[in-house]
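Residue numbers are given in numbering that gives the first Met the number 0: position 33 of the sequence shown equals residue 32, and the series is strictly consecutive. Cβ coordinates follow ideal geometry from the N, Cα and C atoms, glycine included. A quick note: this is a predicted structure, and the numbers were derived from the prediction, not measured.
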Amino acid sequence: MSQYLHHNDFGCISRCPSGCCLHLYFGNVALCLQADELADWRQVAAELYQKHAPHLADPTRRCITLPGPVAYQAFVFTLEEVFLLHDLLMGAGLLLEAEQILAGQTT
0 MSQYLHHNDF GCISRCPSGC CLHLYFGNVA LCLQADELAD WRQVAAELYQ KHAPHLADPT
60 RRCITLPGPV AYQAFVFTLE EVFLLHDLLM GAGLLLEAEQ ILAGQTT
């Protein structure tokens, strides 16, 4: 059974039962990521939000795009969805960092 790391109204991030990867579910999309890829995704989501937030007259308009893994694919978001995606990535990343810190401590 997968272990949920973080969830919100937009989706969730869970750890694969074998611990080999993370499953990111947001909107109608599901991705399989390595733990070290979370930082890149966090940065991309933060940059998207910072770039578009000051300029969007309608934050509910689905007009923010992020290229997908292949040239003919793109993810399309509202400003709120970008924020919620970043929240998923931050929450899961912080939990994984805390686990690493605690695993390094000895009693």
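The beta carbon of aspartate 8 lies closer than 8 Å to those of Leu83 in the same chain, with the five residues before and after it left out. Runs of alpha helix (DSSP H) with 4 or more residues, each lying fully within the region 43-93, are absent. A buried status is given to valine 81, since no fewer than 16 other beta-carbon atoms sit within 10 Å of its beta-carbon. When the five nearest sequence neighbours on each side are left out, no beta carbon in the same chain lies closer than 6 Å to the beta carbon of valine 28.
When secondary structure is reduced to three states using DSSP, glutamine 99 falls in the helix class. By the beta-carbon neighbour count (other beta carbons within 10 angstroms, threshold 16), isoleucine 100 is exposed. Ranked by Cα distance from aspartate 57, the first of Leu78, His6, Pro66, Phe74 is Leu78.
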